Ligand code: 4NP
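Residue numbers (our numbering): 2 to 154.
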């Protein structure tokens with residue numbers, strides 16, 4: 002199973018989603034590949050934002066080794082599931098999809114949580130938003146792990 006988390010910059014939200022899901026996958030000893038990317042190229046090659054690194058660390062997750070990369074059309078072939086952090090990312094990913102099979106792989110990450118909101122808020126401009134984003138992603142990753150496991154078993 003190959004799973005890709007996608008946001009805009011690949012420095013705040015999707016690196017956290019990658020770290021959180023990797024941690025859960027490891028705990029369950031699943032043989033899954035989890036990665037992340039950004040639809041924009043502004044931060045390519047950079048480490049995750051220090052505030053994302055700090056909130057991950059606080060919860061026992063190390064994301065310091067991650068480096069930002071840009072999402073490409075090839076990711077739609079390579080990965081089994083692609084989770085967008087918000088509707089804007091979702092639209093930008095779908096714009097690159099060329100087959101129904103590729104389109105089916107793309108989901109909003111909050112789709113499975115039962116939450117009313119569809120978007121994980123971008124915490125880039127809000128120092129206080131990172132813990133809330135962590136909690137949203139932790140819940141979403143627990144749910145999607147279960148749902149994907151059920152789908153493939
Ligand atoms: P992310 O947050 O998409 O969660 O990584 C952002 C990071 C950088 C920018 C926007 C959002 N930026 O405009 O540079």
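Ideal Cβ placement from N, Cα and C applies to all residues, glycine included.
From a predicted model like this one, the values you see are computed outputs, not experimental measurements.
Looking at C-alpha atoms only, which residue of the options is the closest neighbour of residue i?
i, options, result
"residue 132", "57, 8 and 94", "57"
"residue 43", "53, 95, 120 and 13", "13"
"residue 45", "72, 59 and 23", "72"
"residue 39", "94, 22, 111 and 116", "94"
"residue 89", "115, 2, 108 and 78", "108"
"residue 80", "115, 37, 64 and 91", "37"
"residue 64", "28, 78, 32 and 15", "15"
Determine the direct distance from the alpha carbon of residue j to that of residue i, and round the result to whole angstroms.
i, j, result
"residue 34", "residue 139", "18 Å"
"residue 105", "residue 146", "17 Å"
"residue 48", "residue 6", "16 Å"
"residue 86", "residue 76", "16 Å"
"residue 136", "residue 53", "12 Å"
"residue 102", "residue 26", "25 Å"
"residue 96", "residue 30", "34 Å"
"residue 67", "residue 8", "14 Å"
"residue 50", "residue 84", "20 Å"
Please state the DSSP three-state secondary structure of residue i.
i, result
"residue 71", "strand"
"residue 96", "coil"
"residue 83", "strand"
"residue 4", "strand"
"residue 148", "helix"
"residue 51", "helix"
"residue 76", "helix"
"residue 154", "coil"
"residue 65", "coil"
Less than 8 Å between CB atoms is the rule here; does residue i satisfy it with respect to chain B?
i, result
"residue 11", "Protein chains in the displayed structure number just one, and chain B is not present."
Could you give the uninterrupted runs of the beta strand (DSSP E) lying entirely in the region 9–47, keeping only those of 3 residues or more? Segments of the beta strand (DSSP E) lying fully in the region 9–47: 34–39.
Could you pull out every unbroken beta strand (DSSP E) segment of at least 3 residues lying fully inside the region 99–139, listed in chain order? For the beta strand (DSSP E) assignment, the uninterrupted runs of no fewer than 3 residues enclosed by the region 99–139 are, from N- to C-terminal side, 107–109.
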